[in-house]
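Protein chains in written order, with this note's numbering: chain A, 30 to 141; chain B, 121 to 233. Have a look at the structure below, then the notes.
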Amino acid sequence: DIVMTQAPLSVSVTPGESASISCRSSKSLLHSNGITYVYWYLQKPGKSPQLLIYRMSNLASGVPDRFSGSGSETDFTLKISRVEAEDVGIYYCGQLLENPYTFGAGTKLELK
Amino acid sequence: QVKLLQSGAELVKPGASVKLSCKTSGFTFSTSYMSWLKQVPGPSIEWIGWIYAGDGGTNYNQKFKGKATLTVDKSSSTAYMDLSSLTSEDAAVYFCARDSAYWGQGTLVTVSS
Chain A
30 DIVMTQAPLS VSVTPGESAS ISCRSSKSLL HSNGITYVYW YLQKPGKSPQ LLIYRMSNLA
90 SGVPDRFSGS GSETDFTLKI SRVEAEDVGI YYCGQLLENP YTFGAGTKLE LK
Chain B
121 QVKLLQSGAE LVKPGASVKL SCKTSGFTFS TSYMSWLKQV PGPSIEWIGW IYAGDGGTNY
181 NQKFKGKATL TVDKSSSTAY MDLSSLTSED AAVYFCARDS AYWGQGTLVT VSS
């Protein structure tokens, strides 16, 4: 199975500042079709996960453009610029390239 | 808009089975891939598998073969997951998701005698 490793496990951010979360996969997530199948989700307290970024760098519908995704074949970054109170929660990266789809352990973002 | 409404919390005895439902609206169900995922405190998310609503084709995580069975009812735009021979390891919140993008609110399954 592809292992997804996130860092840090938790991050504390002052509102208005930016935050970055890293995710590394144990195998390239670049498909032969040129698409990199890494996804980012945010799970707010008491809620189900919501999609933020799909296929490494595409912003999901309704997601503020303060969120952005980037990376290579195995190293990925989610950046949140101008962090707001509503961004608090646990962020997960996931790979949807091959069976079984797998997820990182999550990064908890809280406000200072 | 897209909605996925999951069935309510379940308290199940060890060894029993349970069937979870996920009623959808706001999109074309028959051309969608419906995934099911498991979340336990930790927190961690495991993908169980998906079913293509168009023809019922499935793709399971090997770990959940024999444990989970995915089905759909196109007439009601509802996806189902049967979990069999439940043990304490199956206690979790289970989510359905459409194309891994839209998620239901989750169903808590508790296994206890």
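For each residue, glycine too, the CB sits at the ideal point set by N, CA and C. Here the structure is a predicted model, which means the values were calculated and not measured.
Residues sharing a beta bridge with Val234(B), DSSP: What the structure shows of chain B is the stretch from 121 to 233, and residue 234(B) is not part of that stretch, so it cannot be assessed.
Those residues which DSSP pairs with Ser164(B) across a bridge: In the DSSP output, where bridge partners are listed per residue, Ser164(B) has Val160(B).
Cys142(B) and Tyr200(B) closer than 9 Å at C-beta: A contact, by the Cβ cut-off of 9 Å.
6 Å Cβ shell around Met85(A) - same chain, five flanking residues per side excluded: The residues Thr65, Val67, Gly98 and Gly100, in chain order, have a CB closer than 6 Å to that of Met85(A) in the same chain once the five nearest residues on each side in sequence are set aside.
CB contact check: Tyr120(A) to chain C, cutoff 9 Å: Among the protein chains of the structure shown, namely A and B, there is no chain C.
Span separating the alpha-carbon of Thr250(B) from that of Ala173(B): The structure shown has nothing for residue 250(B), since chain B only spans 121 to 233.
Proximity of Val92(A) and Leu80(A) at Cβ, strictly below 9 Å: Going by C-beta atoms, Val92(A) is nearer than 9 Å to Leu80(A).
Neighbour list for Lys183(B) in chain A, Cβ cutoff strictly below 8 Å: Simply Pro129.
Arg111(A) classed as buried or exposed, judged by whether at least 16 other C-beta atoms fall within 10 angstroms: Of the residues assessed, Arg111(A) falls on the exposed side of the cut-off, its CB having fewer than 16 other CB atoms within 10 angstroms.
Below-9 Å beta-carbon distance, Gln79(A) vs any chain B residue: Closer than 9 Å to some Cβ of chain B, the Cβ of Gln79(A) qualifies, so yes.
Beta-ladder partner(s) of Thr189(B), from DSSP: For Thr189(B), which the question treats as bridged, DSSP gives the partners Asp202(B).
is_contact[Phe132(A), chain B] using C-beta, thresh 9 Å: Output row for Phe132(A): interface = yes.
Boundaries of the beta strand (DSSP E) in which Ile31(A) is found, first to last residue: Premise fails: Ile31(A) is in no beta strand (DSSP E) and is neither H nor E.
Min CB distance Leu125(A) to chain B below 9 Å: Yes, Leu125(A) lies at the interface with chain B (some Cβ there is under 9 Å from its Cβ).
Cα-Cα separation, Val213(B) to Pro78(A): Distance between the alpha carbons of Val213(B) and Pro78(A): 12 Å.
Exposed unless 16 or more other CB atoms sit within 10 angstroms - verdict on Lys141(A): Residue burial annotation: Lys141(A) is exposed, with fewer than 16 other C-beta atoms found within 10 angstroms of its C-beta.
Residues that Ala89(A) contacts on chain B, provided the C-beta gap is smaller than 9 Å: Here the neighbours are Ala221.
Of the residues Leu126(A), Gly133(A) and Leu138(A), the one placed nearest His60(A), counting alpha carbons only: Closest option to His60(A), Cα to Cα, is Leu126(A).
Per-residue DSSP class, three states only, for Thr151(B): Helix, per DSSP.
Ala221(B), DSSP secondary structure in three states: Under the three-state reduction of DSSP output, Ala221(B) falls in the coil class, being neither helix nor strand.
Gly135(A) at chain B interface by Cβ criterion, 9 Å: Taking Cβ atoms only, chain B reaches closer than 9 Å to Gly135(A), which makes this a yes.
Alpha-carbon to alpha-carbon, Leu140(B) and Ser127(B): One Cα belongs to Ser127(B), the other to Leu140(B), and the distance between them is close to 6 Å.
Assigned secondary structure, Ala212(B) (DSSP; H/G/I helix, E/B strand, else coil): The answer is strand: DSSP assigns Ala212(B) an E or B state.
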